[in-house]
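No gaps in the numbering here: position 59 of the sequence shown is 43 in my numbering, and each next residue is one more.
Remarks on the structure that follows.
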Amino acid sequence: MSTAIIDLLQKRKASRAIESKGLSDVIIDKLMNAAQLSASCYNNQPWRFLFLTEESALEKGRKALAAGNSWAKKAPLLIAGFSKPDLDCQIPDERNYYLFDLGMATQLILLQATELNLVARPMAGFSPKVIKKEFNIPPNYEVYVMIAVGYEGKIEELDERLQTLSRAPRERNPLSMSFFFNKFD
Ligand SMILES: Cc1cc2nc3c(=O)[nH]c(=O)nc-3n(C[C@H](O)[C@H](O)[C@H](O)COP(=O)(O)O)c2cc1C
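In structure tokens:
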């Protein structure tokens, strides 16, 4: 049985081939609104997203990218996602939910981008230090993800290694590795 969500999730792919063509304000607005509708602990909405759209800001953002993420330099939109513990539930047994909820909202950006025929690739390969310094983000925030967003580009424009990776089929573990019924074994 196909469902709209499964179809969208199958369409989503974290492509590295991104066109430099800019995104309209309407698109940016949809990405923000999708994230803002995320569930969060106690509705705390602890996510903070810095959208880099202007060339001068993008240039600062690019400085933070790891060498392996140079492909993202072409993206017309880089988003830095950050938060801090006291913005969200802190359960006394040491469960802090700020990063969980930042991830929930991040996923919605990816899905809204997909529905708009954009590619959006999340990245851990960047320097939070550089982002914090370039954009004066206070030390108590944790910059946890960057997302490169744009229209899908041509795979042929990537270097050979990334072309090979990009052509590989998406792989997932068998469901039995991650899902359990009635007991954990
Ligand atoms: C937290 C996180 C960090 C990631 N970091 C990087 C990264 O630094 N560079 C990169 O090219 N892809 C990165 N990815 C993308 C994953 O490699 C990609 O989502 C995964 O291979 C599955 O591919 P798919 O999203 O197309 O299904 C990251 C994804 C997540 C969720």
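Glycine is no exception: its CB is placed at the ideal position from the N, C-alpha and C atoms.
Beta-carbon proximity list for residue i, same chain, < 6 Å, skipping 5 on both sides
i: GLN96; result: LYS14, LEU15 and ALA18
i: ALA(-2); result: ARG105
i: ILE115; result: ALA48, ALA64 and VAL127
i: GLN147; result: ILE139
Rounded distance between the beta-carbons of residue j and residue i, thought under 8 Å
i: LYS22; j: ALA89; result: Looking at the sequence provided, one finds Ser at residue 22 rather than Lys. About 4 Å; that satisfies the 8 Å criterion.
i: ILE63; j: VAL133; result: 7 Å
i: LEU71; j: PRO30; result: 4 Å
i: SER24; j: ASP85; result: 4 Å
i: PHE119; j: LYS57; result: Actually they are not in contact, since the Cβ atoms of PHE119 and LYS57 sit about 17 Å apart, beyond 8 Å.
Helix, strand or coil at residue i according to DSSP, with G and I counted as helix
i: ARG151; result: helix
i: SER160; result: helix
i: SER54; result: helix
i: ILE115; result: helix
i: ARG145; result: helix
i: ARG32; result: strand
i: ILE191; result: The shown model of the chain, from -15 to 169, leaves out residue 191, and the question about it has no answer.
Environment of residue i [buried if 16+ CB atoms lie within 10 Å]
i: ALA108; result: exposed
i: ALA(-12); result: exposed
i: ALA51; result: exposed
i: PHE164; result: exposed
i: LEU(-7); result: exposed
i: PRO153; result: exposed
i: VAL10; result: exposed
i: TYR26; result: exposed
i: ILE131; result: buried
i: LEU36; result: buried
Same chain, Cβ closer than 7 Å to residue i, neighbours up to 5 away in sequence not counted
i: LEU142; result: ARG0, ALA1, TRP55 and SER150
i: ASN53; result: MET107, GLY109 and PHE110
i: ALA(-5); result: The residue you asked about is not Ala; residue -5 is Lys in the sequence shown. Answer for LYS(-5): THR98, listed in chain order.
First through last residue of the alpha helix (DSSP H) which encompasses residue i
i: SER8; result: Looking at the DSSP string, SER8 is not in any alpha helix (DSSP H), and its letter there is neither H nor E.
i: LEU86; result: 82 to 99
i: ILE63; result: Premise fails: ILE63 lies in the beta strand (DSSP E), 61 to 67, not in any alpha helix (DSSP H).
i: ARG46; result: 39 to 47
i: LEU102; result: Segment 102 to 107 is the beta strand (DSSP E) holding LEU102; no alpha helix (DSSP H) there.
i: ALA(-12); result: -12 to -5
Range of the contiguous beta strand (DSSP E) that encloses residue i
i: ARG0; result: Element bounds for ARG0: n/a, residue is neither H nor E.
i: ILE131; result: 126 to 135
8 Å CB neighbourhood of residue i in its chain, flanking five on each side removed
i: GLN20; result: GLN29 and ALA89
i: ALA136; result: This sequence places Glu at residue 136; Ala is not what is there. Closer than 8 Å at the Cβ level, and outside the excluded window around GLU136, lie SER(-1), ALA1, ILE2, GLU3, ASN101, LEU102 and VAL103.
i: TYR125; result: ARG32, PHE66, SER67, LYS68 and LYS116
Within-9 Å CB hit, residue i to chain D
i: ILE75; result: In the displayed structure, chain D is absent; only one protein chain is listed.
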